[in-house]
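**Student:** Take any residue in the sequence shown, count from 1 to its spot, add 307: that is its number in the working numbering.
Virtual Cβ for every residue (Gly too), placed ideally from N, Cα, C.
Computed from a predicted structure; not experimentally measured.
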Amino acid sequence: MSADIHYATVNFSQKKLNKEVLRIQEGDTSTYAEVKVSGRSDSPSSIDEPVTDKNSGEKAPGDLQRRVVKLRWVFIILALLCLVLVITFSLHFKSINYTCPQLWRPFQSKCYFFSTVEMNWTLSQDNCTAMGGHLVIIESEDEQEFLQQEANNTQYWIGLTDSETEGKWLWVDKSPLHDPKFWGERNGIKEPDNYNNTDPNGEDCARLNTDKGLKGWFDVSCGRNSKWACEAQDKNIKL
Ligand SMILES: [Ca+2]
Ligand SMILES: [Ca+2]
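1. Could you name the residues of the same chain whose beta carbon sits closer than 7 Å to that of Lys475, not counting the 5 residues immediately before and after it, in chain order?
2. Taking the C-alpha atoms as reference points, what is the distance between Ser447 and Thr436?
3. Relative to the C-alpha of Cys529, which candidate in Leu388, Leu521, Asn427 has its C-alpha closest?
4. Helix, strand or coil: which one does DSSP assign to Arg493?
5. Would a C-beta distance cut-off of 8 Å place Val479 and Gln415 closer than the cut-off?
6. Which residue or residues does DSSP assign as beta-bridge partners of Met426?
7. With which residues is Arg514 paired in a DSSP beta bridge?
8. Asn501 and Glu265 - do their beta-carbons sit closer together than 8 Å?
9. Please tell me whether, using a cut-off of 7 Å, the distance from the CB of Val393 to the nearest non-hydrogen atom of ligand 2 is below it.
10. Roughly how many angstroms lie between the CA atoms of Lys377 and Ile384, to the nearest whole one?
11. If you measure from each residue's Cβ to the nearest non-hydrogen atom of ligand 1, which ones come out under 7 Å, in chain order?
12. Leaving out five residues before and five after Leu410 in sequence, what residues of the same chain have Cβ atoms less than 7 Å from its Cβ?
13. Tell me, to the nearest whole angstrom, how far the beta carbon of Trp535 is from that of Phe489; I am working on the premise that it is less than 8 Å.
14. Measuring straight from C-alpha to C-alpha, what distance separates Ile544 and Gly440?
15. For Leu546 and Pro499, what's the separation of their Cα atoms in angstroms?
16. Count the other CB atoms within 10 Å of the CB of Gly491; is the residue buried (16 or more) or exposed (fewer)?
17. Would you say the beta carbon of Tyr419 is closer than 7 Å to some non-hydrogen atom of ligand 3?
18. Pop quiz: Gln455 and Thr517 are said to be a contact at Cβ under 8 Å. What is the actual Cβ separation, rounded to whole angstroms?
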């Protein structure tokens with residue numbers, strides 16, 4: 308059997324990017340059909356393969372574009388990670404080197420002022436308020452220890468009183484005292500004892516007696532004069 312004419316039918320569902328040569332053989336006779344296409348093949352095996360120019364060896368534009376998009380996402384992710392690291396280190400650095408105005412001492416995120424003059428509890432709180440803060444509100448053992456060290460065996464008013472209701476101790480922000488573990492003891496009697504030898508109203512204001520260690524709170528008559536300790540946020544301090 309012989310034939311003079313060969314037919315080659317080639318069907319594409321999508322346009323192809325590369326240039327292909329289709330070879331059809333029968334016996335000793337060969338027929339070549341050259342197909343020029345544009346676009347990319349839908350053959351699964353050719354999707355991820357870089358298309359290379361046979362002459363120059365360079366990658367096709369579509370492949371380069373995909374690589375550019377990938378690199379752009381990598382840069383965006385790296386930039387975000389760098390931003391997070393910068394913010395984290397900035398906050399950490401600020402907490403370590405928290406600064407306060409002159410005459411104020413830093414502790415954690417607050418500033419503390421220790422007076423050199425003495426006055427009663429109410430005037431002491433008024434002075435702290437005028438400076439942008441309030442008498443100290445002690446919320447942790449670390450804070451108590453810091454105050455004890457800074458006070459250096461000097462007595463200071465703190466922001467705790469039961470002047471409204473006897474026995475109901477409130478901080479100057481009106482929050483109740485939850486942890487009484489820093490009350491001191493005198494002659495075997497635990498504070499607060501509301502001792503009324505000097506004041507018929509008893510003792511309604513708390514003072515830090517730092518020579519008693521961490522258990523250094525004593526209730527004292529509010530009318531007595533004493534030094535005072537304020538605390539404030541740096542941004543609120545009025546100089
Ligand atoms: Ca009292
Ligand atoms: Ca007392």
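**Tutor:** The relevant details are as follows:
1. The residue you call residue 475 lines up with position 168 of the sequence shown. Closer than 7 Å at the Cβ level, and outside the excluded window around Lys475, lie Asp469.
2. Stepping through the sequence shown from its first residue, residue 447 is reached at position 140. Stepping through the sequence shown from its first residue, residue 436 is reached at position 129. Using only the alpha carbons, I get a separation of about 22 Å.
3. Sequence index remark: in the sequence shown, residue 529 carries index 222 (1-based). Out of Leu388, Leu521, Asn427, Asn427 has the C-alpha closest to the C-alpha of Cys529.
4. Residue numbering aside, residue 493 sits at position 186 when the sequence shown is read from its first letter. Look at Arg493 here: in three-state DSSP terms it is strand.
5. Taking the sequence shown and counting its residues from 1, one reaches residue 479 at position 172. Taking the sequence shown and counting its residues from 1, one reaches residue 415 at position 108. Gln415 is positioned such that its CB atom lies no closer than 8 Å to that of Val479.
6. By one-based count along the sequence shown, residue 426 stands at place 119. In the DSSP output, where bridge partners are listed per residue, Met426 has Ser533.
7. As a working mapping, residue 514 is identified with position 207 in the sequence shown. Answer is Trp464, Phe525, bridged to Arg514.
8. Summary: the structure shown does not reach residue 265, with the chain confined to residues 308 through 546, and so no result is reported for it.
9. In the sequence shown, the residue the question calls residue 393 occupies position 86. Taking 7 Å as the cut-off, one finds no heavy atom of ligand 2 near enough to the beta carbon of Val393.
10. Here residue 377 is taken as the residue at index 70 of the sequence shown, counted from 1. Here residue 384 is taken as the residue at index 77 of the sequence shown, counted from 1. If you draw a straight line from the Cα of Lys377 to the Cα of Ile384, it comes to about 11 Å.
11. Listed along the chain, these residues meet the criterion: Asp469, Glu473, Gly474, Pro499, Asn501, Gly509, Glu510, Asp511, Asp526.
12. On the sequence shown, position 103 is the one that residue 410 refers to. Excluding sequence neighbours, Leu410 sits near Phe420.
13. For this step, residue 535 is matched to residue 228 along the sequence shown. For this step, residue 489 is matched to residue 182 along the sequence shown. No, Trp535 and Phe489 are not in contact; Cβ-Cβ is about 17 Å, not under 8 Å.
14. Walking along the sequence shown from the start, residue 544 turns up at place 237. Walking along the sequence shown from the start, residue 440 turns up at place 133. When rounded, the separation of the alpha-carbon atoms in Ile544 and Gly440 is 7 Å.
15. Position 239 of the sequence shown, counted from the start, is the residue given in the question as residue 546. Position 192 of the sequence shown, counted from the start, is the residue given in the question as residue 499. Cα to Cα, Leu546 sits roughly 35 Å from Pro499.
16. What you label residue 491 is simply residue 184 of the sequence shown in a count that begins at 1. Of the other Cβ atoms in all chains shown, 16 or more fall within 10 Å of the Cβ of Gly491; this residue is therefore buried.
17. Here the bound small molecules are ligand 1 and ligand 2; ligand 3 is not part of this structure.
18. To locate residue 455, count along the sequence shown from 1; it is residue 148. To locate residue 517, count along the sequence shown from 1; it is residue 210. Their Cβ separation, rounded to whole angstroms, is 5 Å, which keeps Gln455 and Thr517 in contact under 8 Å.
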